[in-house]
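Trainee: Numbering (this note's numbering), first residue to last: 24 to 1079.
From the three backbone atoms N, C-alpha and C, an ideal C-beta is built for every residue, glycine too.
Predicted model, so just to flag it, every value in this text is computed and none were measured.
1) Assuming residue 993 and residue 966 make a contact with CB atoms under 8 Å, what is their CB distance in whole Å?
2) Taking the alpha carbon of residue 422 as the point to measure from, which residue in 106, 164, 893 and 196 has its own alpha carbon closest?
3) Please state whether DSSP places residue 121 in a helix, a strand or coil.
4) Are three or more beta carbon pairs between the region 722-733 and the region 682-699 nearer than 8 Å?
5) Check each candidate in 441, 368, 398 and 314 and name the one with the smallest Cα separation from residue 185.
6) How many Å lie between residue 362 and residue 371 at the Cα?
7) For residue 470, count neighbouring Cβ atoms within 10 angstroms of its own Cβ and tell me buried if that reaches 16, exposed if not.
8) Using CA atoms only, rank isn't needed, just tell me which of 432, 62 and 1030 is closest to residue 1001.
9) For residue 676, count the other beta carbons within 10 Å of its own beta carbon; 16 or more makes it buried, fewer makes it exposed. Which is it?
10) Do residue 635 and residue 691 come within 9 Å of each other at the CB atom, strictly closer than that value?
11) Touch check for the region 970-986 and the region 895-903: three-plus C-beta pairs under 8 Å?
12) Can you give me the start and stop residues for the alpha helix (DSSP H) that residue 107 sits inside?
13) So does the region 43-61 actually touch the region 92-109, counting three or more Cβ pairs closer than 8 Å?
14) Can you look up residue 887 in the DSSP assignment and give me helix, strand or coil?
15) Consult DSSP for residue 540 and reduce its assignment to one of helix, strand or coil.
16) Cβ of residue 1025 within 9 Å of Cβ of residue 997?
17) Kindly list the residues whose CB is nearer than 8 Å to the CB of residue 250, restricted to its own chain and excluding five residues on each side of it in sequence; keep chain order.
18) Over what stretch of residues does the beta strand (DSSP E) that includes residue 656 continue unbroken?
19) In three-state terms, what does DSSP make of residue 1040?
20) Which of the three DSSP states is assigned to residue 741 in this structure?
21) Should residue 667 be labelled buried (16 or more other beta-carbon atoms within 10 Å of its own) or exposed?
22) Could you tell me how far apart the beta carbons of residue 756 and residue 744 are, in whole angstroms, since I believe they sit closer than 8 Å?
23) Return the CA-CA distance between residue 572 and residue 75, expressed in angstroms with no decimal places.
24) Going along the chain, which residues of its own chain have a beta-carbon closer than 6 Å to the beta-carbon of residue 68, five neighbours each way excluded?
25) Would you call the CB atoms of residue 611 and residue 644 closer than 9 Å?
26) Is residue 15 helix, strand or coil when you go by DSSP?
27) Which residues does DSSP list as the beta-bridge partners of residue 926?
28) What residue from 296, 207, 637 and 929 has the CA that sits closest to residue 416's CA?
29) Taking the beta strand (DSSP E) that residue 666 falls in, what are its first and last residues?
30) Check each candidate in 385, 213 and 49 and name the one with the smallest Cα separation from residue 123.
31) Taking only three categories from DSSP, how would you classify residue 634?
32) What's the gap between the Cα of residue 338 and the Cα of residue 352?
33) Could you spell out where the beta strand (DSSP E) holding residue 949 opens and where it closes?
34) Among 763, 906, 913 and 275, whose alpha-carbon lies nearest the alpha-carbon of residue 892?
35) What number of angstroms, rounded off, separates the C-alpha of residue 1078 from the C-alpha of residue 447?
36) Check whether the Cβ atoms of residue 959 and residue 930 lie closer than 9 Å to each other.
Spelled out as C-alpha cells, the structure:
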C-alpha cells in the first residue's frame, strides 16, 4: 500500500509538471531566474549550490538556458517543487501563473508562511520593497543624468551645426577647386591629344622623308656602280684595241711569197755547193805539198769553225737576252696597262665620292636650316606658352587669394559664433553649480549675464581692465579651467577668466602628467604585456591643474603605448612568397594557443614550434614540433588582422598569439631542416634566439637607473639579438664595432614599450628644469589650446575632455621638439632625440574615430630607430655645419696641402632655363646665382666625378641635401663643429664671420644642432674644448674625416 501511495504521489507530481512542460518554451523565454531563486531558497526547494549552478555556470550562457535548468531542478523536487514554482509565478509573473493554472493569482505566499512564519514573510516583503526603492532611485538618477546629457547633447548639437557650416564652406571651396582641377585636366588632356597628333604627323613625315632619302641614296649608289662598270669596260676595250693593232702590224709586215721562194732557192743552191765541196774533200792519194796545204786549210777550217761556234753561241745568248727583254717588256707593258686601268678607276671613284660628299653636304645644310627653323619655332612657342601660363597663374592666384579671404572671413564668423556658444555653456554650467540653473535661460547671452551680476567695482580687488568686457573678448582665446565657485558669482567669474594664474597652472599640469609614470619591473612580465605601474601622487593643487577625470584619460592614453604592437623590423603583412615547401593551414582556437605551444626563433630565422602540450586542442588540430609558422589570420585584440609571423620578432609573435580570440587560421610549413639548423646554431652559440636587426638609440640608457645591464648613449648603434631575453620584457643587445661591424659587449636594454615611457620621463626631467623663459614659452603653448568643452559624456572615447588632454599632450611633445637645445645640454645623461615620424611599431588598421588611437599615431615617442648598415668603398663627400664656416674651412684645407686627398666640386654653369629644367630632372645639391640669368649648380654627378678620382669632395651645401644624396647611394660625412660662448671669440678673431652679433650666431648654431636630429645618418661632432686655433680645428676635422671614412654607414630608411 505504501508503495502504491508513493506511486500515486509521483503520478500526481508528474501530471502537474506535464501542464508546466506544455508551456516550457514560453516560461523559459519570459522567466528571469535572478528573481525566482531568492524566493525558492526561502521556501527551501533549492540550495546554494543549485542557485550558483543556475546563475553562474559558464555552460549556461543565455537566460533561456538558465531558466530551463531551473525548471529541470524543480522538476526533480516533485509536487513540492511544482507548488513552490507556482507560488513564485503567482508573486512575480501573474500572467504566466494564469497561463499555467488557468486561475487568477491570489498572492498568498503560503509556503513561506509554512516554512518561515509571518516574520519570514514580512522580512522577504521588506527586502523586495527595498529592492524596488533602490531601483526607483536608480531610475531617478538615470533620469537626471539623461536630462543633463540631453542638455549637453543640445549644446554639442549647436557646436556640430556650426562645425557643419564650416565644413560646408570647406566643401564648397573643395568643389570649386575640384571643378577647376577637372577643367585644367580636360585642357591638359586636350593639349596632350593635340601634341600626340602633331607628334604622330611629324613622325610620319619624318619617316617618309627618311624613306625618300634612303631611296635617293640607293639610286645614287646604283648610278655610281654603273659608272664604275662603264669605266672598266672602256679600259678593257682600249686594251683590246691596242693588242689588235699590234697583231695587224705584224701581219702587214710579214714577208711576201716571192721573197720566201727566192730564199728557198738560194738555200737549195747552197746545199748543192756544200755537197760538191764534200765530194772534193774526200780522202785520196795526195802529194805532200797538197797535204801540207790541206793541213793548213784544215787548220784554218777548224779555227773558222771554232770562231763560227763562238759567234753562234754569242748569237744564241743575244737571242736569249732579246727574248727575255721582250718578255720583260711585255710584262711591264701589261703591268703598265693594269696600273693605268686602276688609276683611271680610282680617278673615277674619287670623282664619284666627291660628288656624293657634295650631295651629302647639301642635304646636311638643308637639315641644319630646318633644325634652326624648328628651334626658332619651338622657342617662340615656348615663350608664348610661358607668357600665357604666367598670366594665367597670376589671374588664378588673384582669384584664389580672393576666395581664401572670403572663406577665411566666413570661417572666422563661424568660429566666433562657436566661441559664443562655448561661453554660454560655461556660464550656464557655472551658474548651475551655484544652484542658479533654474533662473538661467538656455538662450541667455554673455551681455545679459554681465548685466545680471553687475560690473565689478573697485572693492573687488581688481582694476577696471578685469571687467565684464574681458569675459566676451574673442581676440585671444585661452584655455580656461573650472574654478571652485564658493564665493560670490561675480568674483568667481572674474577669477575664472584671470590670465596670470594660468601660467603656474600649466607648469603644474606639465609636471603632473609625467609624474604618473613610475616604472616597475615586476609589472613588465611577458605574461601580460601590460603597462608599467602608473601611480598618481596626491596633491593639494590637483584641482587647480587637472581634475581626476583628465588625469585618468591621460593615464589611459599613455598606457596604450605598452599595449600597442611591439617593435617590428619588417612591416610586411602578406603571406610568404614562393615558399620552399607547400604551405598548410589549420583552424585553431586562439584563446589557449600560446599556452599550448612553445615558440622559438625570430625575424631572421623565422618562428618555429619547439614544443606542444600533450593532449591539448592544438596538438589534436595537427600542430607539431618543427612547424615553421608563416601567417596568422583572425581576431587580434578584437580586430580582424593578418599577421606575417615569418618576419616578426619573437616578442611580437608571443604578443600576437597571446591576444588571439575566437577561431584563427594558422598557416605553416614543415621545415624540420631549418628547425634543426636553428637548434644547432643556438647550441653552438652562433645565434641567441633568431632575432637579428640593428637599432639606433634616441635616448641615453643607464644600467643603474633604468634597470638593465648595458650602458648605451644616444645615437649609438646596437645589434638586437633577442627581444625576449629569459622570458622578460627586455632586449638582449650587443655593441657594434664602428669599423668592423662586429658584436662586442653584450647586455640588456628595455623593450620598445618601456623605452617609450623612459623617453617620456626624460622629457619631463628636461622640461621641469626650465626657468622663467621656459614658463613664458609654455604659457604661449597653453594659450593655443581650445576652450574647455561642455559637461563630459559618460563614454570615455567620445569625451571632449579626453580630446582636450590628447591635444595638450600632443602639443607638449611638439613644443619639446621645437625648443632650444639647451634643455638637452643641461645634463648629458638626459639627452634625447625627437624623431619626426609615426610610431614604427604601428600597423595599418581601419579608420576609427577613437581619439586615443589618433593621438598614439601622432605622438613622436620613438626611442629606437631601425637602421641598416651600408659599406662605402669610394671616398665620401664632406659636409660642414654650421654652414657659415664651410667656405673658410674648405679654403684652409686646400691651402694646407690637402689637394692630394681633398678637392672641391666643380659646378656646372647654366642659364636660368637650363637651371629650372635641371631642377625638374635631378636633385641639385648646391646652387648659387652667379650673374644675371646665370647659375652655378652642383649635382650628384659632379660629386661622383670627384669620388672617381679617389678624393673627398668638400661641399659648402646645407644639410637639406643629405637625404637626396642618400637616395642616390652617396653617403656623406657630416662634420658638426660645436660652438659655445668660450670658443666663439677665437673663431671671430681668426675667421671672417658674416653675422650681426654673437648671440645670433649661437642661436643659428643651436638651430643647426636641432636640424642634425632629423638626419637619417650619423654625424661626427667636434667638441669645443679639443681645439685652440684654426689650425688645430682643421687638423682635428681632417682626422675625423679619415676616421669616418673607415666606419660603417648606418642609414634610417624610414626617414628617406
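Mentor: Taking the definition as stated:
1) 6 Å
2) 196
3) helix
4) no
5) 441
6) 14 Å
7) With a pLDDT of 41 at residue 470, under the threshold of 50, the modelled position of that residue is not reliable, and the figure given next carries that caveat. It counts as exposed.
8) 1030
9) buried
10) no
11) yes
12) 101-115
13) yes
14) strand
15) Because the pLDDT of residue 540 is 39, which lies under 50, any placement of that residue in the model is unreliable, and the number read from its coordinates should be weighed accordingly. Correct three-state label for residue 540: strand.
16) no
17) 371 and 375
18) 650-659
19) strand
20) strand
21) buried
22) 6 Å
23) Any reading at residue 572 must be qualified, since the residue scores a pLDDT of 42, below 50, and its modelled position is unreliable; no value is offered.
24) 100, 104 and 107
25) yes
26) This structure does not reach residue 15, given that the chain is present from 24 up to 1079, and the question cannot be answered.
27) 976
28) 207
29) 662-667
30) 49
31) strand
32) 20 Å
33) 949-954
34) 763
35) 47 Å
36) yes
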